[in-house]
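Below is one structure, written out as structure tokens; comments come after it.
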Amino acid sequence: MLPPATFWFVCALLALIAEFLSGTFYLLVIAIAMAGGGTAALLEIGTNGQWTIASLTGVIGVFMVSARKRRHEHRLAPRDSDPDFGQPVRIVRLTGPQQARVHYRGTEWDAQLDADLQPGDQGFIAGRDGNQLKISSKQPGKR
């Protein structure tokens, strides 16, 4: 059987590897929380204390990441400065409810549709969420 500190640090390493593969900060928080539990085990704090430290570290980390995300959402550039805003796209295929692949700038993009657009229809870029385009049936800014 593994010593408690080894268990915690192996779990932290696995969570860190998963974070590198997925790119989400929440797995990094879990890895840090697991390392906190491992540190508590090295300090010979009991099992309940290890779990408490890991849990508190995780909860505090999640709140910090969430707060940071909320602060930075407001700093995004206005959509008027986005050169893609209002540009036409062609719907290639539907991939789910309100989801599609669209053709724009010589390649296909994931898109979220706000209207009942069908393959072959033209839509317009109304915004973006990361690399996913938000597509409207009407050109933004025009009535």
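Under the UniProt record's numbering, think of the first position of the sequence shown as 1, with each following residue one higher.
Beta carbons are placed, not taken as given, at the ideal position from N, Cα and C, and that holds for glycine.
Remember, predicted model here, so these are calculated numbers, not experimental data.
Relative to Ala-18, the option among Thr-6, Ala-31 and Trp-8 whose CA is nearest is Ala-31. Under a 10 Å Cβ-count criterion, Met-34 is classified as buried, with 16 or more other Cβ atoms of the shown protein chains found around its own Cβ.
Taken in chain order, the unbroken stretches of alpha helix (DSSP H) that lie wholly in the region 19 to 58 and span 4 residues or more are 25 to 42. Straight-line spacing of the CA atoms in Leu-16 and Tyr-26 works out to 10 Å.
Closest in C-alpha terms to Thr-24, from the list Ser-66, Pro-83, Pro-4 and Ser-136, comes Ser-66. The DSSP-derived three-state label of Arg-105 is coil.
Distance from the CA atom of His-72 to the CA atom of Val-62, rounded to whole angstroms, is 15 Å. For Gly-123, the secondary structure class from DSSP, reduced to helix, strand or coil, is strand.
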